[in-house]
Amino acid sequence: MPLCWSHAEYVSLVRSRHDGVSFDRVEPAFQRYVVNPVQSRHEIWSLRHPLRRVSRGKILRIILATEATIVWSTDDWARTHQSDTTQESGLNLWIADFPTAEWPDGSVMTFTFFRKRTQRWEGRNWQVSVL
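Structure follows, in structure tokens:
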């Protein structure tokens, strides 16, 4: 059926050229992402996507697959803070948000986490710079 598919694509291209707009464009998505784009207030950190930098003023959201306590510091462990993750039940993920607006430019958030289910520390530290 490759010829049927290619013919259908050709017809779609001809129609798009005639109309001056993509035939299969999803209008709500086009409006949201092209005409009126909205900047996200969040920067996402996960084990699969470990951010190294976040813009000051954004909310750093740490996403984990299991419940955990995040132990963190912005002054090279001189003072530590603890934040428990909360469950996002629709996605079955655990999240914690960290507003960076109050942190000074150039600060570095260092953190690790303690997994509650297995009662184990992650065994390493991560760092995210605030620019």
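Here the working numbering is used: position 93 in the sequence shown is 116, and no number is missing along the way.
Backbone N, C-alpha and C define an ideal beta-carbon position, used for all residues, glycine too.
**Asked** From this set, GLU50, VAL61, LYS81, ILE86, which residue's C-alpha is nearest SER69's C-alpha?
**Response** What you label residue 69 is simply residue 46 of the sequence shown in a count that begins at 1. Shortest Cα-Cα distance from SER69 to any of GLU50, VAL61, LYS81, ILE86 involves ILE86.
**Message:** Using 8 Å as the threshold, is the C-beta distance between THR97 and TRP126 below it?
**Reply:** In the sequence shown, counting from the first residue as 1, residue 97 sits at position 74. In the sequence shown, counting from the first residue as 1, residue 126 sits at position 103. Yes, Cβ-Cβ distance for THR97 and TRP126 is below 8 Å.
**Asked** Taking the alpha-carbon positions, what's the ARG75 to TRP149 distance?
**Response** One-based indexing of the sequence shown puts residue 75 at position 52. One-based indexing of the sequence shown puts residue 149 at position 126. Here the C-alpha atom of ARG75 lies approximately 8 Å from the C-alpha atom of TRP149.
**Request:** Output the distance between the C-alpha atoms of PRO25 and SER39, rounded to the nearest integer angstrom.
**Result:** Translated into positions along the sequence shown, residue 25 becomes position 2. Translated into positions along the sequence shown, residue 39 becomes position 16. Near 21 Å, if we compare the C-alpha coordinates of SER39 and PRO25.
**Request:** Note the first and the last residue of the continuous alpha helix (DSSP H) segment covering LEU114.
**Result:** For this step, residue 114 is matched to residue 91 along the sequence shown. Taken as a continuous stretch (DSSP letters only), LEU114 belongs to no alpha helix (DSSP H), as it is neither H nor E.
**Request:** Please classify PRO51: does DSSP put it in a helix, a strand, or coil?
**Result:** Within the sequence shown, residue 51 is the residue found at index 28, counting from 1. Note: PRO51 maps to helix in three-state DSSP.
**Request:** Go through its chain and collect everything with a Cβ distance to ARG102's Cβ below 7 Å, but skip five positions before and after it.
**Result:** Mapped onto the sequence shown, residue 102 falls at position 79. Residues of the same chain with a CB within less than 7 Å of the CB of ARG102, apart from the 5 flanking positions on each side, are SER96 in chain order.
**Request:** Measure from the alpha carbon of ASP159 to the alpha carbon of each residue in SER29, PRO73, ILE67, GLY146, then state which is nearest.
**Result:** Outside the shown range of the chain (24 to 154) lies residue 159, about which nothing can therefore be said.
**Message:** One question on the structure: do PHE136 and VAL94 come within less than 8 Å of each other, judged by their Cβ atoms?
**Reply:** As a first step, residue 136 is located in the sequence shown; it is residue number 113 there, counting from the start. As a first step, residue 94 is located in the sequence shown; it is residue number 71 there, counting from the start. Result yes, Cβ atoms of PHE136 and VAL94 sit closer than 8 Å.
**Message:** Quick check on DSSP: helix, strand or coil for VAL94?
**Reply:** For this step, residue 94 is matched to residue 71 along the sequence shown. Strand, per DSSP.
**Request:** For ASP99, collect the residues of the same chain with a Cβ closer than 8 Å to its Cβ; drop the 5 residues on either side in sequence, then sort them by chain order.
**Result:** Within the sequence shown, the letter at position 76 stands for residue 99. The beta carbon of ASP99 sits closer than 8 Å to those of VAL131, THR133, all from its chain and outside the five residues before and after it, given in chain order.
**Message:** Does ARG71 come out as helix, strand or coil in the three-state DSSP assignment?
**Reply:** Reading the sequence shown from its first residue, position 48 is the one you call residue 71. In the structure shown, ARG71 falls within a coil segment according to DSSP collapsed to helix, strand and coil.
**Integer Cβ distance of HIS65 from ARG84, believed to fall under 8 Å** = Your numbering for residue 65 matches position 42 in the sequence shown. Your numbering for residue 84 matches position 61 in the sequence shown. With a contact defined as Cβ atoms closer than 8 Å, HIS65 and ARG84 qualify at about 5 Å.
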